[in-house]
Ligand code: CTP
Ligand code: CA
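Residue numbers (UniProt numbering): 178 to 404.
Structure representation (C-alpha cells):
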C-alpha cells in the first residue's frame, strides 16, 4: 500500500494557531468561560502540520490530544493567551485565531472564595473588557504575519463577519453560523464561509477534520500566492 501525502502547501512556513476557550478566574474555585471544544483549532493544527508547516498551537483548557508534530503551549486566561501569541508571532508567517476568547474578565480576582453572606448581592460581579488578541497581532507594523480570524455568529452572519474583517484589519475571516446546533461550537461538523477582500466563498458542510484540510489549502493560496 502507498499513502498519499497531502500537498505541502505550507512547507517551510511558521504557523501559530489559537484554540479552545479562555478561562477567567473569579476566585480560587470559580471562573467565567464558554463551551468551545477546541476541535476546529486542533484540526487546523493537524492539517497545517501535515501540509508541512512548523506549527505552534496555543490552547486554552481543552481535553484534546496534541496533534503529531505540533508544539503546544497551554494557557488559561486571555492575558496569558495574548502573551503566548505575542511571543510566537515574532517569528511567524501565518496566524490563525480559532480560539473562543472570553470577551470580559472579572475586574478583580478575589484571593479567597467569595461568600454569599458577605453583603454580596446578585449584582456583585464587575467585569472589564479583555484585550483583542487577533486585532493586536493584525495591528502590528512590523513582524505582522498573514492574519486569519473566525467569526461565530447567530444572525446576520456575513454582515457581522465582514464587519470584524474590516474593524480588526484581518486578511481573511472564516464565518461560522452557530445558531445551527448541528454545526459550530461543540460539534464535529461545521459549515463556514470564507470572506476576504475578494468576496465570499461558502464551503460545503463537512467534518471539522475535512474542513480544516480544505481551509489550509485556501488560506495557503491567499497567504503565499507565489508558492
Ligand atoms: N478574538 C481575539 N481576542 C478576543 C476576542 C476575539 O483574538 N478578545 C478573535 C477570535 O479568536 C476570532 C475573532 O476574534 O478569531 C472573532 O471573535 P468573535 O468572538 O466572533 O468576535 P468579537 O470581536 O469578540 O465580537 P462579539 O463576540 O461581540 O461578536
Ligand atoms: Ca467574542
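Cβ coordinates follow ideal geometry from the N, Cα and C atoms, glycine included. What you are looking at is a predicted structure, and each value in this text was computed from that prediction instead of being measured.
In its chain, beyond the 5 residues on either side, 198, 211 and 213 have a beta carbon closer than 6 Å to the beta carbon of residue 277. Taking C-beta atoms under 8 Å as the contact rule, residue 271 and residue 192 qualify, at a distance of about 5 Å. Taking the Cβ of residue 354 as the reference point, every heavy atom of ligand 2 lies at 8 Å or farther away. Checking the DSSP bridge columns, you'll see residue 290 has no partner listed. Distances from the alpha-carbon of residue 231 to those of 200, 304, 266 and 240 put 266 closest. Within the region 298-374, the alpha helix (DSSP H) runs of at least 4 residues that lie entirely inside it are, in chain order, 310-315 and 334-344.
By the criterion of at least three beta-carbon pairs nearer than 8 Å, the region 213-229 is not in contact with the region 371-383.
Set against 8 Å, the gap from the CB of residue 280 to the closest heavy atom of ligand 2 is smaller.
Boundaries of the alpha helix (DSSP H) harbouring residue 396: 385-400, taken from the DSSP string. With a threshold of 16 other beta carbon atoms within 10 Å, residue 302 falls short and is exposed. Its chain contains 281, 282 and 284 as the residues whose beta carbon lies nearer than 7 Å to that of residue 305, once the 5 sequence neighbours on both sides are disregarded; these appear in chain order.
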